[in-house]
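**Q** This is the structure I want to talk about, given as structure tokens.
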Amino acid sequence: MKGALDEYREGVKTGIPVSVHLLSRAWGVPRSTLQRRISGKVTGSKHVSGRKPYLPQEAERELAATLKTLAQRGFPFTKRDVQQVAFDFAAKNQISGFSKTAGRAGYYWFHNFLKRNPELGMRKPEVLSAARAAGLNKVVVNQWFTQYESLLVELGIAGTPSHIWNCDESGLQDQFSSTKVVGQVGQPCVEVCAGEKGETTTCLAAFNAEGIYSRTMIIFKGKRVRSEWLQGCPENTSVRCSDNGWITSDLFLEWGQMFIQSLPKDDPRPHLLLLDGHSSHVYNMEFIKLLKSKNVHIMCYPAHTTHALQPADKALFKSLKHHWDQEGRKWTRMMAGQKLSRMEFFTVFSRAWAKAATVENAQAGFRGTGMFPLNKDILPETAFAPSKTTERVLPSTLPSSPTRPQSLPTPPTGPWSPLLTLTHSARQPSALLSGHQSSHPPARPQSPADPPARPQSSASLTPLLPVEPLYFFPDEKVVFEEVVLEEVPEEDNDIFNQFTPQEETHSPDEGPSTSTSVTFTDLITVPQRERAIRKRMKPPSYNLSSEEHIDYITKKTSSKKPAKQASKCPLSKQPKGKRKQEKKSKSPCKVCNTHYGDPEDPKATEEWVKCDPCSAWFHETCGEENGICADDGFICKDCL
């Protein structure tokens, strides 16, 4: 109906009116109904056919506003939560209609509630840690962008995308995440995986705003790299090992040397490297001095903000992990559930890397985070909403002598406040006598020293004042000045009678009465907590190449006491490794009957596995064909 009316009005404005008969057929509405709406006999502004909603319109609008606020803060309600709070609201306000047996609002009410509020919908939320929610603060981000812009101007590379780099590392699990699949309706659907938990392999990558990638480093868990692991390795990639498969300060220093070698030698202008605040980056003095000596400046992001500000997180690794899981599921299906070994790692990684490490992804990452071209306002206001849960007033913004606020925030339209409703019964006769015709006279907030007001009867209640939420932080003390009211003669007291609010009437089309004693604000509390106090000192500057940061790291490392090493028990006369090796040499492979260490063994480069129940030894490939290799051990087919 709305579309038909809009089309008719548009035709009248343009001077080419459309036939009512054609409009009714085109929009599928009755011609007589459309004619009455056009002629003005029925306005149709609040007329809705069907059964009226159980809850008042104002209450539903308040509920919708509160749900949007909670979703922006990072504490969204589920469908069951909304049904439960709607039932509690109706029960406390003596509104009938919902099932008392179920104890919550029904399916059809929730479905129609979403239709009446099209700005709401069912979404699958992304997981956001509390540290990231509090870290992405608007004040902190603006301060960082100011320093970033100043550094670009100082280095003279504000318009040079080839000299602005970003590096980061991310872990790849050999346990691939599942997605929606096609299966039989009414039957369980499973997906075979190689093991219960996966092993992490770190990928360290760097690229600039022009879309050029530097040397990539892959870090396996182990002590040494074997040559057979490099099969299918992409170009411009180095492979290293660490004790846990994570980045270390030594490996990051080695990558820094390779990064410097990949920079162009014919351009004397400085380069800028953006990275996160990992300890192997920020406190790596050798790495910082190495890059500074080669005219490469380093700047780190604020803590817990890389998910929104770092191009590698927004573009490269998000795409890489998606294609990694996609290619990994294909490989697992092709190999019938076999575990991805390190010799097959690059079979999957090379395909995913070729799809993710593109020029378009690199440029989109810098553009989407505002790094290049520089855009300080790239993040929407909704990105900072989760930080309001722990927001506090900065010391520099606090007034020297707290005084009474000059004016309250501008109240929103409508009688329902989204977060907080305040009531005041004090009146100012001077405003009324001066001709200020208002049904909500200004009021003085009650100070803590004032005695509690007497409860008023329902007939003399002052209307609720719809105001914006007022947040008082623990570090801020607000003192209200004393307000002296003018004395009014008794004969002038009748002037207040004409401002007494009358009982509101509502149209039968608006649903039940809106005079409720309990609001959704009383039932739903927006989470708020104090920000944790940082015990550890943070670096003085985001510019890691600055002299103040280098002095800070030097003092920190010089004053740090060496950690005490735990005493170790003396080794036995016969090492455990040698005993295992002797046992392997005596026990041949149960499948091919080849002894361990035999120079004619065609599988001499493979690892050996042992069956736990029968203690038989196998080559790794022989064991995979004649048993089950799991994370917690190996079992041959004879012991299954």
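Residue 4 is where the sequence shown starts when you use the numbering used here, and the numbers rise one by one after that. For every residue, glycine included, the Cβ atom is placed at its ideal position computed from N, Cα and C.
(1) For the segment 23-66, list the alpha helix (DSSP H) runs that are entirely contained and at least 4 residues long, ordered along the chain.
(2) Please determine, among 18, 203, 188, 318, the residue with the shortest C-alpha to C-alpha distance to residue 366.
(3) Take residue 243 and list the residues in its own chain whose beta-carbon comes closer than 8 Å to its own, dropping the five residues that flank it on each side.
(4) Return the first residue and the last residue of the beta strand (DSSP E) that residue 189 is part of.
(5) Could you check whether residue 63 and residue 119 sit closer than 8 Å to each other, using their CB atoms as the reference points?
(6) For residue 236, which of 548, 214, 357 has the nearest alpha-carbon?
(7) At what residues does the beta strand (DSSP E) containing residue 205 begin and finish?
(8) Taking the C-alpha atoms as reference points, what is the distance between residue 260 and residue 312?
(9) Is it buried or exposed for residue 643, if we count other Cβ within 10 angstroms and need 16 for buried?
(10) My understanding is that residue 392 touches residue 136, with C-beta atoms under 8 Å, so please give their C-beta distance in whole angstroms.
(11) Determine whether the beta carbon atoms of residue 369 and residue 92 lie at a separation below 8 Å.
(12) What's the C-alpha gap between residue 158 and residue 380?
(13) How many angstroms separate the CA atom of residue 53 from the CA atom of residue 28?
(14) In whole angstroms, what separates the C-alpha of residue 436 from that of residue 40?
(15) Out of 603, 59, 617, state which residue places its alpha-carbon closest to the alpha-carbon of residue 593.
(16) Would you kindly check if the distance between the Cβ of residue 75 and the Cβ of residue 545 is under 8 Å?
(17) In angstroms, rounded to a whole number, what distance separates the CA positions of residue 620 and residue 191?
(18) Residue 110 by DSSP, collapsed to three states: which one?
(19) Does the beta-carbon of residue 195 have 16 or more other beta-carbons within 10 angstroms, so that it is buried, or is it exposed?
(20) List, from N- to C-terminal side, the beta strand (DSSP E) runs of 3 residues or more that fit wholly inside the segment 233-282.
(21) I think residue 80 touches residue 107, with their Cβ atoms under 8 Å apart; what is that distance to the nearest whole Å?
(22) Indicate the three-state DSSP secondary structure (helix, strand or coil) for residue 131 in the structure shown.
(23) Where do the N-terminal and C-terminal ends of the alpha helix (DSSP H) with residue 625 fall, by residue?
(24) Suppose you measure from the CA of residue 559 to the CA of residue 549; what does that come to, to the nearest Å?
(25) Going by beta-carbon coordinates alone, are residue 330 and residue 354 separated by less than 8 Å?
(26) In whole angstroms, what is the alpha-carbon distance linking residue 126 and residue 102?
(27) How far does the alpha helix (DSSP H) with residue 610 in it reach, from first residue to last?
(28) Let me check one thing: in DSSP terms, what residues is residue 533 bridge-paired to?
(29) Could you give the residue range of the alpha helix (DSSP H) that holds residue 546?
(30) Residues in the same chain with beta-carbon distance under 6 Å from residue 288, minus the five sequence neighbours each way, listed in chain order, please.
(31) Label residue 114 either buried or exposed according to how many other C-beta atoms from any shown protein chain fall within 10 Å of its C-beta, with 16 as the threshold for buried.
(32) Quick one: grab the DSSP three-state call for residue 224.
(33) In whole angstroms, what is the alpha-carbon distance linking residue 211 and residue 162?
(34) What residue range does the beta strand (DSSP E) around residue 172 cover?
(35) Taking the CB atoms as reference points, tell me whether residue 168 and residue 275 lie closer together than 8 Å.
(36) Closest to residue 57 by CA distance: which of 97, 282, 70, 542 is it?
**A** The answer reads as follows:
(1) 23-30, 34-42
(2) By one-based count along the sequence shown, residue 366 stands at place 363. If we check each option's Cα against that of residue 366, 318 comes out closest.
(3) Here residue 243 corresponds to residue number 240 of the sequence shown, with the count starting at 1. Correct list, in chain order: 220, 221, 222, 223, 228, 254, 257.
(4) In the sequence shown, residue 189 corresponds to position 186, counting from 1. Unbroken run through residue 189: none, as it is neither H nor E.
(5) Looking up residue 119 in the sequence shown gives position 116. Looking up residue 63 in the sequence shown gives position 60. In this structure, residue 63 lies closer than 8 Å to residue 119 by Cβ.
(6) For the purposes of this step, residue 236 is taken as residue 233 along the sequence shown, with counting starting at 1. Of the candidates 548, 214, 357, the one whose C-alpha sits nearest the C-alpha of residue 236 is 357.
(7) Residue 205 sits at position 202 when you count from the first residue of the sequence shown. Start and end: 203-211.
(8) Position 257 of the sequence shown holds residue 260. Position 309 of the sequence shown holds residue 312. The alpha-carbon atoms of residue 260 and residue 312 are separated by roughly 26 Å.
(9) The residue you call residue 643 lines up with position 640 of the sequence shown. With fewer than 16 other Cβ atoms within 10 Å, it is exposed.
(10) Taking the first residue of the sequence shown as 1, we reach residue 392 at position 389. Taking the first residue of the sequence shown as 1, we reach residue 136 at position 133. About 7 Å; that satisfies the 8 Å criterion.
(11) For the purposes of this step, residue 369 is taken as residue 366 along the sequence shown, with counting starting at 1. For the purposes of this step, residue 92 is taken as residue 89 along the sequence shown, with counting starting at 1. In this structure, residue 92 does not lie closer than 8 Å to residue 369 by Cβ.
(12) Here residue 158 corresponds to residue number 155 of the sequence shown, with the count starting at 1. Here residue 380 corresponds to residue number 377 of the sequence shown, with the count starting at 1. Distance between the alpha carbons of residue 158 and residue 380 is about 22 Å.
(13) Here residue 53 corresponds to residue number 50 of the sequence shown, with the count starting at 1. Here residue 28 corresponds to residue number 25 of the sequence shown, with the count starting at 1. Taking the straight line from one Cα to the other gives about 23 Å.
(14) Position 433 of the sequence shown, counted from the start, is the residue given in the question as residue 436. Position 37 of the sequence shown, counted from the start, is the residue given in the question as residue 40. At residue 436 the pLDDT is 33, less than 50, meaning the model places this residue with poor confidence and gives no usable figure here.
(15) In the sequence shown, residue 593 corresponds to position 590, counting from 1. With distances taken between Cα atoms, residue 593 lies closest to 617.
(16) Counting from one through the sequence shown, the residue named residue 545 turns up at place 542. Counting from one through the sequence shown, the residue named residue 75 turns up at place 72. Going by C-beta atoms, residue 545 is not nearer than 8 Å to residue 75.
(17) Taking the sequence shown and counting its residues from 1, one reaches residue 620 at position 617. Taking the sequence shown and counting its residues from 1, one reaches residue 191 at position 188. Looking at the two C-alpha atoms, the distance is approximately 38 Å.
(18) Numbered from its first residue, the sequence shown carries residue 110 at position 107. It is helical.
(19) Position 192 of the sequence shown, counted from the start, is the residue given in the question as residue 195. Under this definition residue 195 is an exposed residue.
(20) 240-245, 274-278
(21) For the purposes of this step, residue 80 is taken as the residue at position 77 of the sequence shown. For the purposes of this step, residue 107 is taken as the residue at position 104 of the sequence shown. Residue 80 to residue 107, Cβ: 12 Å. No contact.
(22) Along the sequence shown, read from residue 1 onward, the residue named residue 131 stands at position 128. Residue 131: coil per DSSP, three-state reduction.
(23) Along the sequence shown, one-based indexing puts residue 625 at 622. It spans 623-628 - the alpha helix (DSSP H) in which residue 625 sits, taken as one unbroken run.
(24) Indexing the sequence shown from 1 puts residue 559 at position 556. Indexing the sequence shown from 1 puts residue 549 at position 546. Going by the C-alpha atoms only, they are around 16 Å apart.
(25) Counting from 1 along the sequence shown, the entry for residue 330 is found at position 327. Counting from 1 along the sequence shown, the entry for residue 354 is found at position 351. Cβ atoms of residue 330 and residue 354: closer than 8 Å.
(26) Here residue 126 corresponds to residue number 123 of the sequence shown, with the count starting at 1. Here residue 102 corresponds to residue number 99 of the sequence shown, with the count starting at 1. Looking at the two C-alpha atoms, the distance is approximately 26 Å.
(27) Looking up residue 610 in the sequence shown gives position 607. Neither: residue 610 is in no alpha helix (DSSP H) and is coded neither H nor E.
(28) Within the sequence shown, the letter at position 530 stands for residue 533. For residue 533, which the question treats as bridged, DSSP gives no partner whatsoever.
(29) Your numbering for residue 546 matches position 543 in the sequence shown. Note, residue 546: premise wrong, no alpha helix (DSSP H); not H, not E.
(30) Your numbering for residue 288 matches position 285 in the sequence shown. Within the same chain, residue 288 has close Cβ partners 556.
(31) Position 111 of the sequence shown, counted from the start, is the residue given in the question as residue 114. By the 10 Å Cβ count, residue 114 comes out exposed.
(32) Counting from one through the sequence shown, the residue named residue 224 turns up at place 221. Three-state result, residue 224: strand.
(33) Numbered from its first residue, the sequence shown carries residue 211 at position 208. Numbered from its first residue, the sequence shown carries residue 162 at position 159. Cα to Cα, the separation comes out at about 13 Å.
(34) Position 169 of the sequence shown holds residue 172. Here the beta strand (DSSP E) through residue 172 covers 167-176.
(35) Numbered from its first residue, the sequence shown carries residue 168 at position 165. Numbered from its first residue, the sequence shown carries residue 275 at position 272. Yes, the pair counts as a contact, with Cβ atoms nearer than the cut-off.
(36) The residue labelled residue 57 in the question sits at position 54 within the sequence shown. It is 97 whose Cα lies nearest to the Cα of residue 57.
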